[in-house]
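Residue numbers (our numbering), protein chains in the order written: chain A, 24 to 392; chain B, 24 to 392; chain C, 24 to 392; chain D, 24 to 392.
Number of protein chains: 4
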Amino acid sequence: MDNSFGTIYRITSFGESHGALGGIILDGVPAGLEFDLEFIQNELDRRRPGQSNLTTTRVEEDQVKVLSGIFNNKTSGAPICLIIENNDINSLIYENYKQFLRPSHVDYSALKKYGGYSDYRGSGRFSGRITAGFVMAGAIAKQILKKYNIVIFAYTKSIGKVIDDDERPSLNELEKLFEIRNKSLVRAINHEKSKLMEQLIENVKNQKDSIGGTIKCIVSNFPAGKGGPIFNSIEANISKAIFAIPAIKGIEFGAGFKASKMKGSEHNDPWILKDGKIQTIKNDAGGIIGGISTGMPIEFTIAVKPPSSIGVPQKTVNIEMMENVEIEFSGRHDPCIVPRVVPVVEAMTANVLLDFLLIEGYIPRIFKQ
Amino acid sequence: MDNSFGTIYRITSFGESHGALGGIILDGVPAGLEFDLEFIQNELDRRRPGQSNLTTTRVEEDQVKVLSGIFNNKTSGAPICLIIENNDINSLIYENYKQFLRPSHVDYSALKKYGGYSDYRGSGRFSGRITAGFVMAGAIAKQILKKYNIVIFAYTKSIGKVIDDDERPSLNELEKLFEIRNKSLVRAINHEKSKLMEQLIENVKNQKDSIGGTIKCIVSNFPAGKGGPIFNSIEANISKAIFAIPAIKGIEFGAGFKASKMKGSEHNDPWILKDGKIQTIKNDAGGIIGGISTGMPIEFTIAVKPPSSIGVPQKTVNIEMMENVEIEFSGRHDPCIVPRVVPVVEAMTANVLLDFLLIEGYIPRIFKQ
Amino acid sequence: MDNSFGTIYRITSFGESHGALGGIILDGVPAGLEFDLEFIQNELDRRRPGQSNLTTTRVEEDQVKVLSGIFNNKTSGAPICLIIENNDINSLIYENYKQFLRPSHVDYSALKKYGGYSDYRGSGRFSGRITAGFVMAGAIAKQILKKYNIVIFAYTKSIGKVIDDDERPSLNELEKLFEIRNKSLVRAINHEKSKLMEQLIENVKNQKDSIGGTIKCIVSNFPAGKGGPIFNSIEANISKAIFAIPAIKGIEFGAGFKASKMKGSEHNDPWILKDGKIQTIKNDAGGIIGGISTGMPIEFTIAVKPPSSIGVPQKTVNIEMMENVEIEFSGRHDPCIVPRVVPVVEAMTANVLLDFLLIEGYIPRIFKQ
Amino acid sequence: MDNSFGTIYRITSFGESHGALGGIILDGVPAGLEFDLEFIQNELDRRRPGQSNLTTTRVEEDQVKVLSGIFNNKTSGAPICLIIENNDINSLIYENYKQFLRPSHVDYSALKKYGGYSDYRGSGRFSGRITAGFVMAGAIAKQILKKYNIVIFAYTKSIGKVIDDDERPSLNELEKLFEIRNKSLVRAINHEKSKLMEQLIENVKNQKDSIGGTIKCIVSNFPAGKGGPIFNSIEANISKAIFAIPAIKGIEFGAGFKASKMKGSEHNDPWILKDGKIQTIKNDAGGIIGGISTGMPIEFTIAVKPPSSIGVPQKTVNIEMMENVEIEFSGRHDPCIVPRVVPVVEAMTANVLLDFLLIEGYIPRIFKQ
């Protein structure tokens, strides 16, 4: 239950950071889909460590391997099992530290939940490495959504206090946006801000510290009238999916927290008939009203906390001796996880939206050629 | 699927704003619980319209009625059905407007989803009135959690730009906080700010406009080590539950969006052994790390948008004539929904947390006397 | 969880035998379906007590009432709540007997599960009366399946040792079969056997005893290629649904237990191309292979035990005194429940099959006119 | 959805008969359980092909491999992934036959469901080989149930018309029963009948034919008061689990189909206080009343059809040419699958019962030492 997500398109995650591998099972993928290994690998590469000197020094190839579900290079309707292997593992350090509660790490809550039996090496199941599986699933979901012209695009909106103020990037130039973002080491879409963000990360890295940020995600061409009321609203499901990603502390849709300061006359999105299409003049609703899509872009922003692994001395408890201590933890880690979370956000969004469209019967169970 | 929530403690919502009634089925309530009708009614009264002149003029008694599941004034283990009747219904106005898409209302998305068959009177299933069922379920959940000393407390943190800056109300004086909040017409806990908030709502009401706000929710004494990783994290489930409430646009846990601007050395919560108990010096994590409770208070803040129903002229589309128009909608509505959402947030939080504790086997299936 | 069934077409049962009412919530019914109250009532009437002197003497009108989900006499996409009220309640007798464990009744297992808090009056939640809700849900499911020419037909195949040997009634004359069965007091399709069955029931009734029987159910025109492998097979889901009905002790598909005595060369159903259609010459598979429909009629048979309520002296335990006793229970009950289970079997089958076709996207979410 | 089963103890199946491997994910296994690889392997060996000359000639070692979830030789609370590799694959034959619908095989229903994209080699996902994963999961479930003294025992009750008439083997000698059964090539517990069954299988094998049979399963020491009413009854869940096994055509609990011929006075199980324990004199209920356990042994019997793969000429359709043909299929297959289904029945029963006890909070989430 803990490790599965979705109704018809249902993904099941397994593997640990310092175990043999990380994997994902995809159930409910329509049969007959051309299997695009290269696209999955490209998506994984966007999340992979070691893309620049702004990430952890752990070196992993993250080569996707197919264990089941593909036949004659097409999806067969069977559950698809995809894995990546763990190769660059150095668990020694975790043995040294296991009597200390690392601040803002899962050590204490996991200890209480699993009674000391959980795999603490590299944070085990709680490692960001687990999200590689989300990305593999999302790659297939994206590929299917693409057939319906639905495109999911996320980018880094801020790192620390360096903020890209441009609220609504023009989706007319989506390809250009993809290109800019993919060239940015921090996955930003404003060249100048990107440089400032890189500098900031470089600085905190040199201080053995870390930094947070925000990510904006936009879905274009999602059809109107999909989703559901109350417990099955699009916001409910996207937020559930996004909080499955480690380090996320907040999510807001459309105007989000700003809406709390607005009057109805400011916030309401007037309807307009334009080019024969019913749309809204602006999109403070973020493309969702009453839990259901309006046909306008789905938009949301998430807050990512700074990585808890830092190299400065910290106060904590030695649970073996039961005494307060101050200690400096070492180890390999990212000074800022935001750029690597960008593809994960896209992936989990794709997983949710594909499931909605399968539930609605909008996408068929077989892709005939 | 759309209208059920939870795994073991599973609630199913039914009823419409202008139908005969609104109701909720509660499955999985342990047997032998003393049925406290008065407490349920008190909780409902906190959500009821007409508590002050800051709310809608619709008059509803909202008297809870029990249809099943209670035997000898105790829960029997059978599904409990609770309803409130709708009495003050005036649907005429909705007939007049049905060819117009009300801005930021669900009219268009519901039209696309249900093909024009959904009950549009008083927004039907999309009305805030549906949340009365959430509150009835939450009242029973709260009563059970109370047995374990777990208390859920929500309050209005801001209305428009009037913000209660006090980040962390002292939970040592929880009873006093309850008292202050319950006396505040806007459910704030700062007397001075409460008055300013009331004035603001009064003002927007006079302008036939509306206003948003934020709500903070704190859960004290939730045990450490409950919840789950990734897809079953506490944040994932609370956020899913909260976005089931109409008008919510954002949620953040602990430091939330502020965490995105912080360094790890600022954000990390140092562990400390104090009074023989392992705890954190501060609580920017909001009581949850890795999706699992730390034993510190669970804290989150949500953004509530201004009600979409306003009385000023608005641009929209007449879908019968397929033409752009400007129109002034009339009708009864709240100028600010925040105070009435406060008990709903508490209720949905209680529903989620009870389910977690039943899943973990922390709460038994029978309350023996 | 205990009281809900289905994925997209999801039904939730509530109410007790001697409570105010019995009810059902139907979630996931497509919008725009003409609401046919009369058909639902007809289906309920087939299950209603007091149809003949072969049933219990409890008199209930079982008039269906709609509490939600219908708008302008069509389904609105909202959850539909249907109830019947309980009127002819005589609970006194249950008070007299509550210290005795009625043999083969749920008294002891319910006591252990609910700690003595469950409503024991008329067997509470465990009463056959709960199945009225299944029938109301099934009536709507049937109405939808009918649009796709899918017809579900069940009949009494045996009462005690009186067995209708005709394995495969000709579905070409389905209307005639309906007529015969509906005229039979025991819901048999063989006139002669029907009379013998009636006599048998009359006899056991006079002996204050009860009798079991079997029911056969046939689904015609269910499309090929629906259902799923292993955990989501049609057999798995139908059997789960059928065992939700009280008093069922067995189920077999196609050749069923006879298959266990057969050779492959006898059991295998040869494929044949006939009238341009791929079909099997016979149908020992019961219309399902590998959990998926073959396009042949789905066929299964179920075993119904004799009602546990009988008027002859029985050995049991007085749990207050903790002593062995012999006691004669009185009360109103059916000498044979089989005829009244027939419509319940049809209903649960309809509920399962509709859900499959909604999951597959075979049936749309809106019925446009 | 198709490939997952269970609520808290949730298993997810993947892999194909002629793919690289077969596997299973186990979610919800309590942490701290000693991992007993040898027991899992022993259970697998009971299902493995090639144990005698009565099974298929396919040779597979079926060595279990652990991919995740075990840490320091204990369960860690993380999802456990177990696999077996496929080595002795000969797919050529399936290429030769792929235009023919093999009678009573899934060819046609899979074609309709997956549009021709499913892996047909060795029946792909529909192969009995998939049940190796069920057995691996069941081995861990059994190990946990054993801690609570709950033992699951299945045996071959009949092959064709050779029937072991002994209704109720004495559970007092359970160890002896295990020994007898494990020595029987057909997994029977009556030595004489076992020999007759072996002969029968030998005979049908020589005729290139196949034969069916029945399996009885008994669970001892399952506590009273577990399970649930209607949709969550033990029968409902066990039957759903059992029909996930290929080739099952029927299931009956306790007296089963015989109950349909009985009077209430015969079928009712009188309660008796004996040795200070409330029990029934006989057990026609099969240990379950109202869907809930009575504390008596849970007993059920299942019907297994003869394998569809036979070597005699059969009528069928060539779907490429769309013409009726008669053809003799060759290939490796079991003449009788019953003996190899015995451990699978035990495993699926264990999976269901463990889930019930986790849901009830009867089994903790951590096994402390």
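Where a beta carbon is used, it is the ideal one built from N, C-alpha and C, also for glycine.
- For Gln337(A), the pairing in a beta bridge is given by DSSP as Ile350(A).
- Chain A has a Cβ within less than 8 Å of the Cβ of Gly384(C).
- By a beta-carbon distance limit of 8 Å, Ser27(D) contacts Ser27(A). Their separation comes to about 6 Å.
- Residue contact check for Ser27(C) against chain B: a CB pair falls below 8 Å.
- Comparing alpha-carbon positions, the option among Cys240(C), Ile253(C), Glu289(C), Thr98(C) lying closest to Gly138(B) turns out to be Thr98(C).
- Nearest to Arg148(B) by C-alpha distance, out of Ala162(B), Lys184(B), Val129(B), is Val129(B).
- Chain-ordered, the chain C residues with CB closer than 8 Å to the CB of Pro387(A) read Gly384.
- For Thr324(C), the uninterrupted beta strand (DSSP E) segment begins and ends at 321-327.
- For the pair Ile311(B) and Ile257(B), the CB atoms are nearer than the 8 Å cut-off.
- Along the segment 290-313 of chain D, there is no position whose C-beta sits under 8 Å from a C-beta of chain B.
- At a cut-off of 8 Å between beta carbons, Thr30(A) contacts chain C.
- Around the C-beta of Asn255(D), 16 or more other C-beta atoms lie within 10 Å, and the residue is accordingly described as buried.
- Non-local beta-carbon contacts of Ser217(A) in its own chain, meaning distances under 6 Å to residues more than five positions away in sequence, involve Ser207, Val209, Ala211 in chain order.
- Using a Cβ-Cβ cut-off of 7 Å, Asp232(C) is close to Lys286, Gly287, Ser288 of chain D, given in chain order.
- Every unbroken stretch of the beta strand (DSSP E) spanning 3 or more residues and falling wholly within the segment 231-259 of chain C is given here in chain order: 236-243.
- The beta carbons of Ala259(B) and Ala267(A) sit about 6 Å from each other, so the pair counts as a contact at 8 Å.
- Excluding the 5 residues flanking it on each side, Phe201(C) has same chain C-beta neighbours closer than 8 Å at Phe176, in chain order.
- The beta carbons of Glu66(A) and Ala370(A) sit closer together than 8 Å.
- Approximately 4 Å separates the beta-carbon atoms of Gly235(A) and Ser283(B); this is inside 8 Å, confirming the contact.
- When C-alpha distances from Ser141(B) are compared across Ala162(B), Thr154(B), Tyr117(B), the shortest belongs to Tyr117(B).
- Within chain D, not a single residue places a beta-carbon under 7 Å from that of Pro246(A); the smallest gap is close to 23 Å.
- When the Cα atoms are used, Met345(B) and Lys297(A) turn out to be separated by approximately 10 Å.
- Minimum Cα-Cα distance from Gly29(D) among the listed residues Glu215(D), Pro293(D), Tyr171(D), Asp378(D) corresponds to Asp378(D).
- Residue nearest to Ser127(A) within the set Gly251(A), Ala373(A), Ser233(A), Pro192(A) is Ser233(A) (criterion: CA-CA distance).
- The three-state secondary structure of Glu369(C), taken from DSSP, is helix.
- In this structure, Thr35(B) is the residue among Asp188(B), Thr35(B), Phe390(B) with its C-alpha nearest to the C-alpha of Val158(B).
- Taking the beta carbon of Arg152(C) as reference, no residue of chain B falls within 7 Å; the closest one sits roughly 12 Å away.
- Take the alpha-carbon of Lys305(A) and the one of Lys165(B): they are about 40 Å apart.
- In this structure, the CA atom of Ile360(A) is about 8 Å from the CA atom of Val327(A).
- One thing to note: Asp25(D) has its Cβ no nearer than 8 Å to the Cβ of Ile386(C).
- Counting C-beta pairs closer than 8 Å gives fewer than three between the segment 65-80 of chain A and the segment 109-116 of chain D, which falls short of the contact rule.
- Annotation: the continuous beta strand (DSSP E) that includes Gly273(D) extends over 271-276.
- Distance from the Cα of Gly42(A) is smallest, within the candidate group Ile106(A), Asp59(A), Asp189(A), for Ile106(A).
- Spanning the alpha carbons of Ala133(A) and Ile315(B) requires a straight line of approximately 7 Å.
- Listed along chain D are Lys272, Gly273, Ile274, Glu275, Phe280, Ala326, each with a C-beta nearer than 9 Å to that of Glu275(C).
- Remark: C-beta atoms of Gly46(B) and Gly156(B) approach each other more closely than 8 Å.
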